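See structure below.
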Amino acid sequence: MSRPDAGGAGHAGRAGYTGCPLGCGTGRHHRGLRPARPLVAGPARACPGSRPSPPALLAALRAFEYSPIATLTLRLDGPYRLPLPMMMLREDTTRSHDGQWVFDRGTLLGLEPAHGELAIVVSCADSALQRPRQAAEDLLLEQLREQLTAGRHAPLPKIAASAWIVEKRATFLARPGLARPPNTTGSPKLMLAGDWTDTGYPATLEGAVRSGKLAAQALIASG
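Every letter in the sequence shown is one number past the one before it in the working numbering, and letter 168, counting from 1, is 300.
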């Protein structure tokens, strides 16, 4: 189960293992698993490993286009909490205010309260990535500060540090006419799962869950 052409090396589990540890609350226990084939997770271009990939599948994967997501993480020089762990930002393309969401990492991760930590997320971040990094950061900070003030929330402390992280292939572009591959591959022991498969949904978490269920059902049905 993999994502099309995503970065990073795949990981293959060795066939023949008899169990794997599963976390369950505060304890741990083992559930026996006896796969007929190795389990593989990694970029789709690396599958199916030693075999030539089906030409139709390769052609479908090469047709994909992608959209980036950028995240600006801010470490604040003092304590700070948002009213809610996640808040929506209002975009204004005329002012290059591209932020869509702000997350309070301090609240979500239970960080020490001495320093606030926020993350501003920009989906479809092509416009933001065309600017110099400092300019992009300054515009997002301007947007956040203005909207905090408009909402009568506490002003931000000074910024102690920042990190600008970009996932260039965060989501695929579900354009009309895009032929997304099914879960099956022609091999009874190799299935595809991911939001990019033919789920009927766009690039969403719901699509990813649906694809996983369909892949598991197809694998079980294959015997």
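Positions of the beta carbon are idealized from the N, C-alpha and C atoms, including for glycine.
Here the structure is a predicted model, which means the values were calculated and not measured.
Pick helix, strand or coil for residue i, following the three-state DSSP scheme.
i: A141; result: Note that A141 has pLDDT 33, beneath the 50 cutoff, so the model's placement of it is unreliable and no number is given.
i: S362; result: As displayed, the chain neither begins before 133 nor continues past 355, which places residue 362 out of reach and without an answer.
i: D236; result: strand
i: D258; result: helix
i: L216; result: coil
i: R361; result: Only positions 133 to 355 of the chain appear in this structure, which leaves residue 361 out of reach.
i: E249; result: strand
For residue i and residue j, I'd like the C-alpha separation in whole angstroms.
i: L272; j: G318; result: 47 Å
i: E338; j: G332; result: 10 Å
i: G344; j: S255; result: 24 Å
i: E269; j: H229; result: 10 Å
i: L346; j: A325; result: 8 Å
i: D330; j: R342; result: 10 Å
i: W296; j: F235; result: 15 Å
I think residue i touches residue j, with their Cβ atoms under 8 Å apart; what is that distance to the nearest whole Å?
i: R237; j: L250; result: 6 Å
Can you check whether the C-beta of residue i is within less than 9 Å of a C-beta belonging to chain D?
i: R265; result: Among the chains of the structure shown, chain D does not appear; only one protein chain is present.
Report yes if the CB atom of residue i is closer than 9 Å to the CB atom of residue j, and no otherwise.
i: V253; j: T203; result: yes
i: Y212; j: L305; result: no
i: L276; j: G248; result: no
i: L280; j: T239; result: no
i: A246; j: V298; result: no
i: P200; j: L261; result: yes
Open item on the list: Three or more C-beta pairs under 8 Å: does that hold for the stretch 185–193 against the stretch 305–313?
Closed with: Proximity of the stretch 185–193 to the stretch 305–313 meets the contact definition, three or more beta-carbon pairs being nearer than 8 Å.
Task: At least 3 beta-carbon pairs within less than 8 Å: the stretch 289–302 vs the stretch 220–239 - done: Not touching, per the Cβ criterion.
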